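Here's the structure we're looking at; comments come further down.
Chains as they are written, first to last, in the working numbering: chain A, 62 to 258; chain B, 73 to 299.
This is how it looks when you write it as structure tokens:
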């Protein structure tokens, strides 16, 4: 998508989140159904299976069943897309009592100090460390291709972040697949792209 | 006249009764966020403008997240530039290297509320639309103008609403939903549109899951054209 912004109409969940964190005044706006500049696209997700964005474009999307078995060198669980406590919980549940494949390295990077702290309190970090994942400090990690966890030529990454353009996580000869936290965790155990179901 | 959320928020921010998609408006900015990687260019450009003070230090938020801790001399230099900037301009909303990723820290620390205009020098600033704000990524030099004036022009976008309905199966998440949508419309789809997510599935999602949808709305930088 090349959108200018994403928007969701606030509801009681939004208000609960905002009022628990901010003392700023707010104003709720909603889209009128008959607004002239509104078009609608219906999306039915009843039969949706886990989706993977394949190299080297975010719109090169395939169901997990089509890319299952692709060998992976590095797994990155984190980023502003999927580095939140919900993602840590999903991944920890799958990794509990299991080990990360010796063929992959797994980076777990909580999106914030609060996420990190909550994950510690809930015992999730023990699960990651025991599984052989490397827990890094809250930051953007390899997402921007300029900091920790860069990929070498020919390496393949499965990442919960949002971009997979050529060179995005290091070498232009590396490949980046994008997925949910569940696919990332299940794939870490097998060392290849795996359906978590 | 019936209007979209995007039109209503931008009208309020521009201080006018009504705006229509396609029009250019000058909006007052409620939150201006920058980070350690793109911030230094904003600061350098701001200095060139020759204004002594940031328009409103309370509305500026600086978060270090891209290269923390500094992994090179260049990163260390960037951090120095930004620390000097927040000290000089008395910017209290400064989150040094320990807090985390800007798009998680900004809402966590209560800087985003519904109905505001939020800009950030990062393309994933669109994440905060999940809380009902008009939130978008801008260039570093655009941010310099925001620092100086508190205003920025926008072409009011049209809105495409993704009406998402159905029940998510086991181990299917909002990431899968948004990847499915991107696969359908393409990385260039919905160019310069406000991507509104609605429907039963969106309502059932947590705030975190909704942030995933909005986070991926701006798949690539889009040049905004005045004409």
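A virtual CB, placed ideally from N, CA and C, is assigned to each residue, including glycine.
Treat the numbers as computed from the prediction; the structure is a model and nothing was measured.
C-beta atoms of residue 268 of chain B and residue 170 of chain A nearer than 8 Å:
On the second chain, position 196 is the one that residue 268 of chain B refers to. On the first chain, position 109 is the one that residue 170 of chain A refers to. Result no, Cβ atoms of residue 268 of chain B and residue 170 of chain A do not sit closer than 8 Å.
Applying the 10 Å Cβ sphere with the 16-neighbour rule, what's the burial state of residue 148 of chain B?
Counting from 1 along the second chain, the entry for residue 148 of chain B is found at position 76. Exposed, because fewer than 16 other Cβ atoms sit within 10 Å of the Cβ of residue 148 of chain B.
Flag this pair as yes or no: are the beta carbons of residue 210 of chain A and residue 137 of chain A separated by less than 8 Å? As a position in the first chain, residue 210 of chain A is number 149, starting the count at 1. As a position in the first chain, residue 137 of chain A is number 76, starting the count at 1. Between residue 210 of chain A and residue 137 of chain A, the C-beta spacing is below 8 Å.
(message) Along the region 224 to 243 of chain B, where does the CB come closer than 9 Å to a CB of chain A? Name the residues.
(response) Hits within the stretch, in order: 226, 227, 228, 229, 230, 231, 232, 233, 234, 235, 236, 237, 238, 239, 240, 241, 242, 243.
**Request:** Could you tell me how far apart the beta carbons of residue 224 of chain B and residue 210 of chain B are, in whole angstroms, since I believe they sit closer than 8 Å?
**Result:** As a position in the second chain, residue 224 of chain B is number 152, starting the count at 1. As a position in the second chain, residue 210 of chain B is number 138, starting the count at 1. Yes, residue 224 of chain B and residue 210 of chain B are in contact; Cβ-Cβ is about 7 Å, under 8 Å.
* Asked: residue 165 of chain A and residue 252 of chain A look like a contact to me (Cβ under 8 Å); what is the Cβ gap, rounded to whole Å?
  -> As a first step, residue 165 of chain A is located in the first chain; it is residue number 104 there, counting from the start. As a first step, residue 252 of chain A is located in the first chain; it is residue number 191 there, counting from the start. Contact holds; Cβ gap of about 5 Å.
Rounded to the nearest angstrom, what separates residue 86 of chain B and residue 95 of chain B at their Cα positions?
Position 14 of the second chain, counted from the start, is the residue given in the question as residue 86 of chain B. Position 23 of the second chain, counted from the start, is the residue given in the question as residue 95 of chain B. Spanning the two alpha carbons is a distance of roughly 12 Å.
- Query: By Cβ distance below 7 Å, which residues in the same chain neighbour residue 294 of chain B in space, the five residues on each side in sequence not counted?
  - Reply: Start at 1 with the first residue of the second chain, and residue 294 of chain B comes out as number 222. Low confidence applies to residue 294 of chain B: its pLDDT is 38, below 50, so where it sits in the model is not reliable, and the reading given next is rough at best. Excluding positions up to five away in sequence, the list reads 263, 264.
Report task. Mind checking which residues open and close the alpha helix (DSSP H) that includes residue 146 of chain A? Result -> Numbered from its first residue, the first chain carries residue 146 of chain A at position 85. Taken as a continuous stretch (DSSP letters only), the alpha helix (DSSP H) holding residue 146 of chain A covers 146 to 156.
Just to check my reading of the structure: residue 171 of chain B and residue 220 of chain A have Cβ atoms closer than 8 Å, yes? What is that Cβ distance to the nearest angstrom?
As a position in the second chain, residue 171 of chain B is number 99, starting the count at 1. As a position in the first chain, residue 220 of chain A is number 159, starting the count at 1. Their Cβ separation, rounded to whole angstroms, is 22 Å, which puts residue 171 of chain B and residue 220 of chain A out of contact at 8 Å.
Check distances from the C-beta atoms of the region 275 to 289 of chain B to those of chain A and list, in chain order, the residues that come in under 9 Å.
Cβ contacts with chain A: 275, 277, 278, 279, 280, 281, 282, 283, 284, 285, 286, 287, 288, 289.
Interface partners of residue 118 of chain A on chain B, CB under 7 Å | Translated into positions along the first chain, residue 118 of chain A becomes position 57. Here the neighbours are 259.
* Asked: Leaving out five residues before and five after residue 115 of chain A in sequence, what residues of the same chain have Cβ atoms less than 7 Å from its Cβ?
  -> On the first chain, residue 115 of chain A is found 54 positions in, with the first residue counted as 1. Taking residue 115 of chain A as the centre and dropping the five residues before and after it, the same chain places the C-beta of 121, 123, 128, 238 closer than 7 Å to its C-beta, in chain order.
Q.
As an exercise, report each continuous alpha helix (DSSP H) stretch of at least 4 residues that is fully enclosed by the region 117 to 173 of chain B, in chain order.
A. 145 to 160
- request: Report the option in B:230, B:241, B:278, B:239 whose CA atom is closest to the CA atom of residue 63 of chain A.
  value: Within the first chain, the letter at position 2 stands for residue 63 of chain A. Nearest option by C-alpha distance: B:230.
### Message
Which residue marks the beginning of the alpha helix (DSSP H) containing residue 257 of chain B, and which one marks its end?
### Response
Within the second chain, numbered from 1, the residue matching residue 257 of chain B stands at position 185. First-last of the alpha helix (DSSP H) with residue 257 of chain B: 246 to 257.
| said: Closest to residue 181 of chain B by C-alpha separation, out of A:163, A:84, A:146, A:248, would be which residue? | reply: By one-based count along the second chain, residue 181 of chain B stands at place 109. It is A:84.
DSSP bridge partner residues for residue 100 of chain B (one or two, in chain order):
The sequence position of residue 100 of chain B within the second chain is 28, counting from 1. Residue pairing by DSSP places residue 100 of chain B opposite B:223 in a beta bridge.
Which whole-angstrom value describes the C-beta separation of residue 178 of chain A and residue 176 of chain B, a residue pair presumed to lie in contact below a C-beta threshold of 8 Å?
The sequence position of residue 178 of chain A within the first chain is 117, counting from 1. The sequence position of residue 176 of chain B within the second chain is 104, counting from 1. Actually they do not touch by this definition, with Cβ atoms about 13 Å apart.
DSSP three-state label for residue 259 of chain A, please.
Because chain A is modelled from 62 through 258, residue 259 of chain A falls outside the range shown and cannot be assessed.
request  = Measure the alpha-carbon distance for residue 215 of chain A versus residue 133 of chain A and round it to whole angstroms.
outcome  = Along the first chain, one-based indexing puts residue 215 of chain A at 154. Along the first chain, one-based indexing puts residue 133 of chain A at 72. About 11 Å.
Going along the chain, which residues of its own chain have a beta-carbon closer than 6 Å to the beta-carbon of residue 66 of chain B, five neighbours each way excluded?
A question about residue 66 of chain B goes unanswered here, because the residues of chain B that appear run from 73 up to 299.
Would you call the CB atoms of residue 228 of chain B and residue 113 of chain B closer than 8 Å? By 1-based counting over the second chain, the position of residue 228 of chain B is 156. By 1-based counting over the second chain, the position of residue 113 of chain B is 41. Against a cut-off of 8 Å, the Cβ pair of residue 113 of chain B and residue 228 of chain B comes out as no contact.
Checklist entry - chain B partners of residue 201 of chain A, CB-CB under 7 Å? => result The residue given as residue 201 of chain A occupies position 140 in the first chain. Residues of chain B passing the Cβ test: 137, 138, 173.
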